[in-house]
Amino acid sequence: MGQVLDKFHGREWRNKRIRIISDKIFERVKNQSGRRNLTFEDLYIAVLLVYNDINKRLPGPHVDPPSKDQIRSILKECDLNHDGEINHDEFVKFIQKLTADTFVLVSQGLLVTLVVAPTVAIAAKRATEGVPGVGNVVQKVPNSVYASIVTLAIVWIQTSCEEIV
19 MGQVLDKFHG REWRNKRIRI ISDKIFERVK NQSGRRNLTF EDLYIAVLLV
69 YNDINKRLPG PHVDPPSKDQ IRSILKECDL NHDGEINHDE FVKFIQKLTA
119 DTFVLVSQGL LVTLVVAPTV AIAAKRATEG VPGVGNVVQK VPNSVYASIV
169 TLAIVWIQTS CEEIV
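Residue numbers (our numbering): 19 to 183.
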């Protein structure tokens with residue numbers, strides 16, 4: 019169980035997710051604009067797309083994108099060559115800086131899922147007591163093992179759905 023938590027809450031996992039989302043969005047916006055780098059308008063569209071992906075693909079509450087003023091201030095920090103446009107490497111750093119708090123919020127939502135799932139599993143186990151055949155088998159499995167199996171199944175289903183979409 020600890021390995022699952024490490025996978026979901028580790029910095030490597032977060033950076034991988036940010037990189038996947040930012041690469042896809044950068045290429046999409048770049049291809050639509052026809053430019054090599056993103057202007058502020060392109061960047062704002064990209065930020066909206068990134069937050070749309072975060073809200074669709076990651077567990078947790080809906081997260082609103084930052085305002086244009088917040089984007090401008092972070093853009094000034096991340097535009098290393100000060101040309102008013104942002105290239106791919108600057109965009110990845112921009113998105114990492116922009117989404118740092120968002121991924122903490124999403125990780126907390128995942129932790130709640132991992133706490134709620136075992137509780138629901140134990141309640142479901144108790145509900146199967148009266149079911150002929152199934153109830154006897156389920157009751158023989160220790161609570162801790164049953165809760166772990168159900169929780170891991172839920173996490174596996176969530177990650178499988180992310181990969182499919």
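Note that the Cβ used here is the ideal one computed from N, Cα and C, for glycine as well.
Nothing here was measured: the structure is a model prediction, and the numbers come from that model.
Option nearest residue i by Cα separation, candidates the options
| i | options | result |
| --- | --- | --- |
| Pro84 | Cys96, Glu103, Lys34 and Ile63 | Ile63 |
| Cys96 | Asp87, His80, Asp82 and Lys115 | Lys115 |
| Lys34 | Gly148, Lys111, Val159 and Asn99 | Lys111 |
| Lys42 | Ile92, Asp71 and Val156 | Asp71 |
| Glu103 | Ile167, Asn161 and Arg53 | Arg53 |
| Asn105 | Ile172, Val173, Phe44 and Val168 | Phe44 |
| Val47 | Ile36, Leu66 and Ser162 | Leu66 |
| Ser40 | Asp107, Val168, Ser91 and Lys86 | Asp107 |
| Gln141 | Gln157, Leu98 and Tyr69 | Here residue 141 is Ala; the residue named in the question, Gln, does not match the sequence. Per the Cα distances, Gln157. |
| Ser91 | His80, Ile113 and Asp82 | Ile113 |
Residue i versus residue j - alpha carbon distance
| i | j | result |
| --- | --- | --- |
| Asp101 | Lys74 | 33 Å |
| Phe109 | Thr137 | 41 Å |
| Asp60 | Leu170 | 40 Å |
| Ile38 | Ala139 | 33 Å |
| Val68 | Val173 | 23 Å |
| Lys218 | Ser51 | This structure does not reach residue 218, given that the chain is present from 19 up to 183, and the question cannot be answered. |
| Asp82 | Asn49 | 25 Å |
| Thr146 | Phe58 | 57 Å |
Exposed unless 16 or more other CB atoms sit within 10 angstroms - verdict on residue i
| i | result |
| --- | --- |
| Val134 | exposed |
| Ile89 | buried |
| Asn154 | exposed |
| Asn55 | buried |
| Ala118 | exposed |
| Ile175 | exposed |
| Ile167 | exposed |
| Leu93 | buried |
Within-9 Å CB hit, residue i to chain D
| i | result |
| --- | --- |
| His80 | Among the protein chains of the structure shown there is no chain D, as only one such chain exists. |
Return the chain-ordered ranges of every alpha helix (DSSP H) run that is complete within the stretch 52-92 and spans a minimum of 4 residues. As far as the stretch 52-92 is concerned, its whole alpha helix (DSSP H) runs of at least 4 residues are 58-75.
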